[in-house]
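Just so we're aligned: 8 in numbering that gives the first Met the number 0 is position 9 of the sequence shown, and the numbers increase by one with no gaps anywhere. Just so you know, even glycine gets a beta-carbon here, dropped at the ideal spot from N, CA and C. One structure is given here, and the rest of the page talks about it.
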Amino acid sequence: MAGEFQSNIQTAEQVATRMGQAIMELEQVASKALNPATRTSLHGNQKAQQSNQQLVHVVQQFQLAFQEDVAKIRLVAHEFAANDVAFKQNFDSRVLR
């Protein structure tokens, strides 16, 4: 029964790693410069550039929040693993009595 106390820190790390990879892919997409259109007005290009800047800002905010979530997943996984060790030790010491 003592083996029942177990968090899966490997799974949490794998999920966090995949999320980190998604962040890097998002950064690559967001960092690509958009070329202004050649057959539109200057005003149209300015509006497109403003929209692009707004999109980049939103993506950056999302990335920061996502990175915080990745860090929290790792932190919580390690906390659960530490708690599992403590619970197992406590359980084992009570069973042996």
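What do you reckon, are the CB atoms on residue i and residue j nearer than 7 Å?
i, j, result
"M23", "V69", "no"
"A76", "A11", "yes"
Using three-state DSSP, classify residue i as helix, strand or coil.
i, result
"R38", "coil"
"M0", "Its pLDDT being 42, under 50, M0 is placed unreliably in this model, and the coordinates cannot settle the point."
"K46", "helix"
"K71", "helix"
"K87", "helix"
"N82", "helix"
"N7", "coil"
Who are the near neighbours of residue i in its chain, counting only those whose CB is closer than 7 Å to its CB and skipping five residues on each side?
i, result
"A29", "V55, V58"
"I72", "A11, V14, A15"
"A25", "First, the residue type needs correcting, since residue 25 is Leu and not Ala in the sequence shown. Answer for L25: V58, Q62, listed in chain order."
"Q66", "I22"
"N82", "none"
Apart from the five residues just before and just after residue i, which ones in its own chain have a Cβ nearer than 8 Å to its Cβ?
i, result
"I8", "A76, H77, F79, A80"
Could you give the distance in angstroms between the alpha-carbon of residue i and the alpha-carbon of residue j?
i, j, result
"R38", "K46", "14 Å"
"L41", "Q60", "29 Å"
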